[in-house]
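Peer 1: Residue numbers (this note's numbering), protein chains in the order written: chain R, 14 to 338; chain D, 14 to 338.
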């Protein structure tokens, strides 16, 4: 399998990316080829710094342009076709790689995912998810966390299927439960979106729906997968991400809050597109890069995209309807 | 002034309510009369237990019916006219008291506020707010946190005015700043609601609007008052409330997280109605009851309702338009 890794993305690129690769390769990884996208000289220097020069599983793909953090995603992708992100999506679309990982410009990664790649058959909207730390060492999954700020009930219904597949195949959660984020426990509660999504989730035979979950349940073990619109999810994710830095500043060191250090979870998968795409945090370091490669590998070896596609029902008349062959 | 206090509301009623009254009266409170609503024998027993029997500023109002926590709000209010909450709203509506406080059935308190009381002139929807603990000891205000799960842009614009008035008059924040909760910093970001609310807030001369704030800014000092729809706000509030119990279970004791013990802030005011109404947490104890009485007193002495009404513009054609005299 081939995994493309953007070496120029992230505050500590390319050195931390190189360290992450080294950590990943510390265990034998038969059959894995990593394509390193970036300014060739910089990438070679980083590889040399970690003692990986000439490694047979690593292949530098020279991408002389760099997309900065604050560049406008669409303009950057169009204006810099030789950037690592543009090249990566081109390779994905042409089948020259099996997965793309970047801790670079998040907007560009999302735009690339949505416009360079096809959606999986039947998927109405792609989505991104975040891991949630739970007490006792477990993890949950929350989605959407930002692509879809306004959602239709059908979107939440599909997020539940995609989140279930990711929790089961990638996070290793057996028979994951799904909760609908809401402001009350009973069916019928909530805003118009939640009220309309509830019966769809209840009738969905591809998931194990356990009903509404409230804000107080997010950090609890009430549902493995929690679905919500991308506005609410993004606000929640960013708030959760703000907690660890606060504990650092306050001098609070505790294993529970250490798990709010979101970097350790690697990246955020883009779900619903036809190829594995993983978006990392800008602050990604060694461990995060290693974890992102592991997730990409797992998405490929488990045939995650294929399994997900099998669970999404292709309804005639949906905007992403696939023409009959 | 007269303040009506529901003695039957809350998990630890009526004893903790009586303790809260004692704490409040430990400082001389000239001119304040407290009306104690509840089952007379129970209230008298609680007063006796804390040594307040026969106190000249306390007046028991016998309310032989009790609304339980899980009763349907509308049915309970209609079916139990002799309950403390029903009697309290009747007293408010008839001018027999100046404020109502209860830690009882939240739904009944909201329904009572919306259907027993008039809205302040020009107010489209009432709202409830929560205090947010900030690093360094400051507090912020987040609203709406649950009454309005679907909002129009105009609602958020009014929440900003109501939140500003509360922050200034009751929390003592000088010239409070207002932020719009959103998923990006720039104008134009966000869901349809946030995109439409931004220009209204920007043009609002009654507030000091500082732009969008993100999830990571909620616990930071970026804006004193943060406005959002009641779905997002409720989810955030309940998540924040869940953090303190987690720290307790995890054995984490730190002044920063102690401030996530929301009970200490007393109750949540219902803003936009013509009389002060304060809703307490079900777990309210002594300090919370004392704080709620203090907030009610402050809302009365500062003429909060009058000042708020002066800032809300009464636009012709709004659903709450007040007929010309």
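Idealized CB from N, CA, C, for every residue including glycine. The structure presented is a predicted model; accordingly, all values stated were derived computationally and were not measured.
Could you give the DSSP three-state label for residue 113 of chain R: helix, strand or coil?
Peer 2: The answer is strand: DSSP assigns residue 113 of chain R an E or B state.
Peer 1: Mark residue 262 of chain D as exposed unless 16 or more other C-beta atoms lie within 10 angstroms of its C-beta, in which case mark it buried.
Peer 2: exposed
Peer 1: Looking at the unbroken alpha helix (DSSP H) that takes in residue 245 of chain D, where does it start and where does it end?
Peer 2: 243-262
Peer 1: Going by beta-carbon coordinates alone, are residue 47 of chain R and residue 34 of chain R separated by less than 8 Å?
Peer 2: yes
Peer 1: Where does the unbroken beta strand (DSSP E) through residue 225 of chain R begin, and where does it stop?
Peer 2: 221-226
Peer 1: Using the rule of at least 16 other Cβ atoms within 10 Å of the residue's Cβ for burial, across every protein chain shown, is residue 188 of chain D buried or exposed?
Peer 2: exposed
Peer 1: How should residue 323 of chain D be labelled, buried or exposed, when 16 other C-beta atoms within 10 angstroms of its C-beta is the threshold for buried?
Peer 2: exposed
Peer 1: Cβ closer than 9 Å: which chain R residues qualify as neighbours of residue 249 of chain D?
Peer 2: For residue 249 of chain D, the chain R residues whose C-beta falls within less than 9 Å of its own C-beta are 228, 245, 248, 249 and 252, listed in chain order.
Peer 1: Can you tell me where the beta strand (DSSP E) holding residue 142 of chain R begins and where it ends?
Peer 2: 140-146
Peer 1: Tell me which same chain residues have a C-beta within less than 6 Å of the C-beta of residue 315 of chain D, skipping the five on either side of it?
Peer 2: 182
Peer 1: For residue 108 of chain R, list the residues DSSP reports as bridge partners.
Peer 2: Answer by DSSP bridge pairing: none, since residue 108 of chain R is not bridged.
Peer 1: On a Cα-Cα basis, can you pick out the residue from D:283, D:243, D:320 and D:220 that is closest to residue 305 of chain D?
Peer 2: D:283
Peer 1: Which residues bound the beta strand (DSSP E) around residue 15 of chain R?
Peer 2: Residue 15 of chain R -> beta strand (DSSP E) spans 15-19.
Peer 1: The region 260-274 of chain D: which residues have C-beta closer than 9 Å to a C-beta of chain R, in chain order?
Peer 2: Taking 9 Å as the Cβ-Cβ cut-off against chain R, the residues of the region 260-274 of chain D that qualify are 260, 262, 263, 264, 265, 267, 268, 269 and 270.
Peer 1: Thinking residue 320 of chain D and residue 178 of chain D are a contact (beta carbons under 8 Å), I'd like their distance in whole angstroms, please.
Peer 2: 6 Å
Peer 1: Which residue from D:44, D:154 and D:317 puts its Cα closest to that of residue 141 of chain D?
Peer 2: D:154
Peer 1: Any contact of the region 228-239 of chain R with the region 242-253 of chain D, i.e. 3+ C-beta pairs under 8 Å?
Peer 2: yes
Peer 1: Please classify residue 277 of chain D: does DSSP put it in a helix, a strand, or coil?
Peer 2: Residue state for residue 277 of chain D is assigned as helix, using DSSP reduced to three classes.
Peer 1: With a cut-off of 8 Å, does the C-beta of residue 205 of chain D fall near any C-beta of chain R?
Peer 2: yes
Peer 1: Given a cut-off of 8 Å on the beta-carbon distance, is the pair residue 185 of chain R and residue 117 of chain R in contact?
Peer 2: no
Peer 1: Is the Cβ of residue 232 of chain R closer than 8 Å to any Cβ of chain D?
Peer 2: yes
Peer 1: Just grab the DSSP bridge partners of residue 75 of chain D for me.
Peer 2: D:51
Peer 1: With 16 other CB atoms within 10 Å as the buried threshold, where does residue 337 of chain D fall?
Peer 2: For residue 337 of chain D, the pLDDT reaches just 40, beneath the cut-off of 50, and the residue's location in the model is therefore unreliable, although a value from the coordinates is still provided. With fewer than 16 other Cβ atoms within 10 Å, it is exposed.
Peer 1: Could you name the residues of the same chain whose beta carbon sits closer than 6 Å to that of residue 75 of chain R, not counting the 5 residues immediately before and after it, in chain order?
Peer 2: If the five residues before and after residue 75 of chain R are omitted, its C-beta is found closer than 6 Å to the C-beta atoms of 53, all from its own chain and listed in chain order.
Peer 1: Checking 8 Å against the spacing of the C-beta atoms, do residue 51 of chain D and residue 90 of chain D come in under that value?
Peer 2: no
Peer 1: Residue 154 of chain R by DSSP, collapsed to three states: which one?
Peer 2: strand
Peer 1: Identify, in the order they occur along the chain, each residue of the same chain with its Cβ nearer than 8 Å to the Cβ of residue 55 of chain R, setting aside the five sequence neighbours on each side.
Peer 2: 20, 21 and 27
Peer 1: By Cβ distance below 6 Å, which residues in the same chain neighbour residue 290 of chain D in space, the five residues on each side in sequence not counted?
Peer 2: 113, 126 and 283
Peer 1: What does residue 29 of chain D touch in chain R if you count any residue whose Cβ is under 9 Å from its own?
Peer 2: Near residue 29 of chain D there are no residues of chain R at all, since even the closest Cβ is about 22 Å away, more than 9 Å.
Peer 1: Between the beta-carbon of residue 307 of chain D and the beta-carbon of residue 25 of chain D, is there less than 8 Å?
Peer 2: no
Peer 1: Would residue 24 of chain R pass as an interface residue toward chain D - the criterion being a Cβ-Cβ separation below 8 Å?
Peer 2: no
Peer 1: My guess is that residue 297 of chain D and residue 310 of chain D are in contact by the Cβ rule of under 8 Å, so how many angstroms apart are they, rounded?
Peer 2: About 17 Å; that fails the 8 Å criterion.
Peer 1: Within 8 Å (strictly less), CB to CB, does residue 293 of chain D reach chain R?
Peer 2: no
Peer 1: By how many angstroms is the C-alpha of residue 272 of chain R removed from the C-alpha of residue 278 of chain R?
Peer 2: Spanning the two alpha carbons is a distance of roughly 9 Å.
Peer 1: Using beta carbons (cut-off 8 Å, strictly below), is residue 9 of chain D in contact with chain R?
Peer 2: Outside the displayed span of chain D (14 to 338) sits residue 9 of chain D, for which this structure offers no information.
Peer 1: Between the beta-carbon of residue 253 of chain R and the beta-carbon of residue 232 of chain D, is there less than 8 Å?
Peer 2: no
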